[in-house]
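Here the protein sequences line up with chains A and E, keeping their order.
Each step along the first sequence adds one to the number in my numbering, with nothing skipped, and position 410 is 499.
Each step along the second sequence adds one to the number in my numbering, with nothing skipped, and position 37 is 67.
Ideal Cβ positions, reconstructed from N, Cα and C, are used throughout, including at glycine.
All of these numbers come straight from a predicted model, not from anything done at the bench.
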Amino acid sequence: MDTARPAEARHMFLNMGPSHPAMHGIIKLVVQLDGERVVDSNVDIGYLHRAFEKDAEAGPYNNAIPYADRLNYVSPLINNFGYCLAIERLLDIEATERCQYIRVIMSEISRISDHLTCVGASAMELGAFTVFLYMIKAREWLWELIESVTGARLTISYGRVGGVKADLPEGFEAQTRAALREVRKVLLECHALLTRNRIFVDRMQGTGIIAKERAISYSITGPFLRGSGVALDVRKATPYFVYDRLSFDIPTGEHGDNYDRYLVRMEEMEQSMRIIEQALAQIPAGPLNVDLEGRVMPPMPADLMVDEAKMGRVAGFLQARVRLDPTLEGSTRGPHGAVNANEKRAVLPPKEDTYGNIEGLMQHFKLVMYGHGIRPSKGEYYSAVEGANGELGFYVISDGSERPYRVRVRPPCFTIMAALPELLKGGLVADIIPTFGSVNMIGGELDR
Amino acid sequence: MNPDPTLTALLRSAVPQALLGAHQYQGQETVLVHAKELPAVARFLKEHPAAQFDVLMDLGGVDYLTFGKALKSAPSRSTPSPLPYYMNPKPVKDTWDRLVPDSAYRFEVVYHLYSSVHNHRLRVKVPLPSADPVVGSVTGLWAAADWFERETWDMYGIHFDGHPDLRRILMYEEFKGHPLRKDYPIYKRQPLMGPSN
C-alpha cells in the first residue's frame, strides 16, 4: 500500500443504484466513503422523467388527471384531488359539500396507505419483515375500500374537475369502519414489534438528523419537517376541502432523526383515521333516490332494468338509480348531482344524459371533443394540498384556451432528496438505508 | 388563505425601483421584479420582520412564447360554431394581466414564497428576455433553490448567476435543448447513446 498518497485518495466511491434493492424506484446515489463513514454523496435523479409537465400542456385540462395519479403512485388520490382543486380555483368553482367530504375521506385513506408503505418498507429493509407483511395486509384493507369506490386499486383517476367520478358505494361507512378497526389492530401490533425494538431503535435513533432551520431552508414539508419539530401542515395552515371542520392534531418530533419521523408517521395514521371517522359522521347525505310514488328505490343492475323494461314494467324508472357497469358506475343522474358541482362548463354530464338527450350530448361533446373543453379565463393559481410526503403544489397558468398553458408540480419529495447528501454526511453506510427509507422517495413525483 | 395586501405595499415603499408591477388574482398576491434586483428583493423578503419568507416553496419557469396564441379552437372564423351559453368561461371576479409584453419578455421565473412564521404566501415573478435569460441565484438564501434552479435551467435554459453547480438534473448531460420551452416539439426524440467519451 502506498502511504504517500494524499488522504482523500483513500476514499472509496460506491454506486448505489440506479437499480438497487434499497433505492425505492430508480435513483443513483454516489457515496464517497472513508471506511464505513459517508464523507460526501451525490444524488442523481431523472431516471423516471416522463415529461408530465410537457404532456399536461399538450392536451385538454382533463387529460392530465390520469397522469396526476402517476405522480405519487402510492397515494394517487391526493394528487388527483390536488390537480382538480387547482383547476377549480382557476375556474372559481367549488365542489359540492358531499364531494368535499368524499375527497377528505379518500385523501386520508390514501395517506394512511402511503405511510403504511413507507414505514413497512423501511422496517423490512432493517430486517423487520413481519412488520412489512402486516402493514401490507393493512394496506390491502384500505385498497379494497379504494377499489370499491373508484373501481381501481392504484391508478384510480377518481377526481374530476368540479367533483369526483362516483358517489360512495352502498355500505361504504360500515366497510370503512371495519377496515379502520383492522388497521388499528395492525398498527398496535407494529408498535409492539418496532417502537421499543432494540435493533430498530438503534438504527433509527440519531441517524439522518436534520435541524429545524436546515429543513426549512431546504423547503422540506410534511412528516419529514414535522419530525424536526415544526408543526406545519397545509391542512391546518391553509385549510382546503372541509379540513377546517374536522379536528385533528399535528404530531411533531423533536430530534429530527429517522426515529422521530417514524413516530410522526405512525401518529399521523391515527390522526387520519380520526379524520375519516369524523367525516363519515358529518358527511351530508346525497339526494334520496325515490320512485314516482315516493318509495325508495334500491339500486338495480342495468341489465335487469333492461329486462324489466322489455316487459313493459317501466313505472318509476325515471327516478330509479341504475347500477351500471363498474367502468360507468357513479355516472348515473342521482349521485352525479350529489358529488359534482353544478357547472356545465367543467363537469361532464351523467352518462344517462349523454346518451339520452341532446343537451347532455352537446355538453359532453363540448367538453370532450378536440378543440373544446374546459376553458378558464386567463389567469394563474398556485394550489397546495398536503400530500403524504408534504406540500404538493400545482401551479397552473391558463391563457384562455382549452389546454393548460403551464402546469408546474411542486413535488414534495424533490426538496427532501435535495437535502439527502446533508442527511447522510458523517453517517455510516448502514444509515443510508433507514434515512433513505424515511425520505419516502417516490420516483413518479420526483422526476415527473 | 387570507393574503395580506400590505406585502405589496411593503415592497413598494422599501424597494420601489425593483418593482415592475403587482397584482392580486383569486386572492393570491403577485409582484413582478426586475431581474437585476431579484437577489436584493429576495433577501429583503426573507429578512424583513413583516415578511419573513423563510420557505422557498417552489421555483419554476414559464415560457410565454405562444401565450394566448393557441386559441385555434376558440369560436372564430375557423371554428364557426360558438359555444353554448353555459360553456363560455365565466368571468372571474378579478382580471388577470401579465403586466409585461410577451414579445419583450419571453420567459419568467416564478418564486412561490411561504412564511412559516406569518403563514402567508407571495408569488414573485421575474420576467426575462428571450436572448440570454439570466437571473441571480438565490441558493445563498434558501438551500432548496439549488435543485429548483437546476431544474429550471434544465427545462428552460434560464441561467442562474452565482449558482454553485448549474447542471442538468432531470435530463441527461448529452441532451440538446430545453424540453419545456414552447418551441421544443413534444414528439422530438433524442435517444441516449451512452456515455459521451
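is_contact[residue i, chain A] using C-beta, thresh 7 Å
| i | result |
| --- | --- |
| E/S145 | no |
| E/Y55 | yes |
| E/D34 | In this prediction, E/D34 has a pLDDT of 49, which is less than 50 and means its spatial position is unreliable; nothing more can be read from the coordinates. |
| E/V92 | yes |
| E/F97 | yes |
| E/S108 | A caution first: E/S108 carries a pLDDT of 47, below 50, which makes its placement in the model unreliable, though a value can still be read off. No, because no Cβ of chain A sits closer than 7 Å to the Cβ of E/S108. |
| E/W126 | yes |
| E/W177 | yes |
| E/A174 | yes |
| E/I216 | yes |
| E/L200 | yes |
| E/D84 | yes |
| E/P221 | no |
| E/D132 | no |
Residue i - containing beta strand (DSSP E), residue span
| i | result |
| --- | --- |
| E/L75 | Not the beta strand (DSSP E): E/L75 falls in the alpha helix (DSSP H), residues L68 to E77. |
| A/R499 | P493 to R499 |
| E/Q56 | E/Q56 -> no beta strand (DSSP E), and no H or E assigned at all. |
| A/K117 | K117 to D123 |
| E/L89 | V85 to D93 |
| A/L481 | E480 to S487 |
| A/A473 | G468 to E475 |
Outcome for residue i when other beta-carbon atoms lying within 10 angstroms are tallied against a minimum of 16
| i | result |
| --- | --- |
| A/N446 | exposed |
| E/Q47 | exposed |
| E/L222 | exposed |
| A/S202 | buried |
| E/D93 | buried |
| A/V496 | buried |
| A/G532 | buried |
| A/A370 | exposed |
| A/I288 | exposed |
| E/T36 | exposed |
| E/D162 | exposed |
| E/I216 | exposed |
| A/G383 | With a pLDDT of only 38 at A/G383, under 50, the local geometry of the prediction cannot be trusted, and the value read off the model is given with reservation. That one is exposed. |
| E/Q220 | exposed |
| A/V193 | buried |
| A/F170 | buried |
| E/T125 | exposed |
| A/R266 | exposed |
| A/Y156 | buried |
| A/M101 | exposed |
| A/M458 | exposed |
Boundaries (first-last residue) of the alpha helix (DSSP H) holding residue i
| i | result |
| --- | --- |
| E/E145 | The sequence shown places Ser at residue 145 of chain E, rather than the Glu named in the question. Run containing E/S145: none in the alpha helix (DSSP H); it sits in the beta strand (DSSP E), F137 to S145. |
| E/L152 | No alpha helix (DSSP H) holds E/L152; the beta strand (DSSP E) holding it covers H150 to L158. |
| A/L234 | F218 to T239 |
| A/S336 | Careful: A/S336 lies outside any alpha helix (DSSP H) and carries neither H nor E. |
| E/R219 | Neither: E/R219 is in no alpha helix (DSSP H) and is coded neither H nor E. |
| A/V193 | E186 to E214 |
| E/T96 | E/T96 -> no alpha helix (DSSP H), and no H or E assigned at all. |
| A/P510 | L509 to L513 |
| A/T524 | V518 to V528 |
| E/K206 | Counting along the chain, E/K206 falls outside any alpha helix (DSSP H), and DSSP gives it neither H nor E. |
Min CB distance residue i to chain E below 7 Å
| i | result |
| --- | --- |
| A/S164 | no |
| A/Y471 | yes |
| A/S308 | yes |
| A/A241 | no |
| A/L269 | no |
| A/E382 | In this prediction, A/E382 has a pLDDT of 40, which is less than 50 and means its spatial position is unreliable; what the coordinates show is noted afterwards. No - not a single Cβ of chain E is within 7 Å of the one on A/E382. |
| A/R499 | yes |
| A/H138 | yes |
| A/G106 | no |
| A/T504 | yes |
| A/V385 | Because A/V385 sits at a pLDDT of 43, beneath the cut-off of 50, its placement in the model cannot be relied upon, and the following sentence gives the value as read from the coordinates. Closer than 7 Å: no. |
Near the ligand GDP: residue i beta-carbon under 6 Å from a heavy atom
| i | result |
| --- | --- |
| A/G114 | In terms of ligand content, the structure shown is empty, and the ligand GDP therefore cannot be addressed. |
The segment 49–63 of chain E in contact with the segment 339–354 of chain A per 3-pair CB rule at 8 Å: Using a Cβ-Cβ distance cut-off of 8 Å, the segment 49–63 of chain E and the segment 339–354 of chain A are not in contact, since fewer than three pairs of beta carbons, one from each stretch, lie closer than that value.
Every unbroken alpha helix (DSSP H) inside the segment 163–190 of chain E [4 residues or more]: Every unbroken stretch of the alpha helix (DSSP H) spanning 4 or more residues and falling wholly within the segment 163–190 of chain E is given here in chain order: 175–186.
Completely contained beta strand (DSSP E) runs for the segment 101–172 of chain A, where each covers 3 or more residues: 101–105, 117–123 and 126–133
Length at least 4, wholly inside the segment 249–329 of chain A: the alpha helix (DSSP H) runs in chain order: If only uninterrupted alpha helix (DSSP H) runs of at least 4 residues are considered, those enclosed by the segment 249–329 of chain A are 261–283, 287–293, 301–306, 311–315 and 323–326.
Alpha helix (DSSP H) runs contained entirely in the segment 340–372 of chain A, provided each spans 4 or more residues: 347–371
Validate contact between the segment 236–256 of chain A and the segment 288–304 of chain A using beta carbons, cut 8 Å, 3 pairs: no
The segment 300–317 of chain A touching the segment 82–92 of chain E, judged by at least three CB pairs closer than 8 Å: yes
The segment 65–79 of chain E / the segment 161–177 of chain E touching (three or more Cβ pairs under 8 Å): yes
Any 3 or more C-beta pairs closer than 8 Å across the segment 203–219 of chain A and the segment 276–287 of chain A: Between the segment 203–219 of chain A and the segment 276–287 of chain A there are three or more C-beta pairs closer than 8 Å, enough to call the two in contact.
Validate contact between the segment 486–500 of chain A and the segment 99–113 of chain A using beta carbons, cut 8 Å, 3 pairs: Because the criterion of three Cβ pairs below 8 Å is not met, the segment 486–500 of chain A and the segment 99–113 of chain A do not touch.
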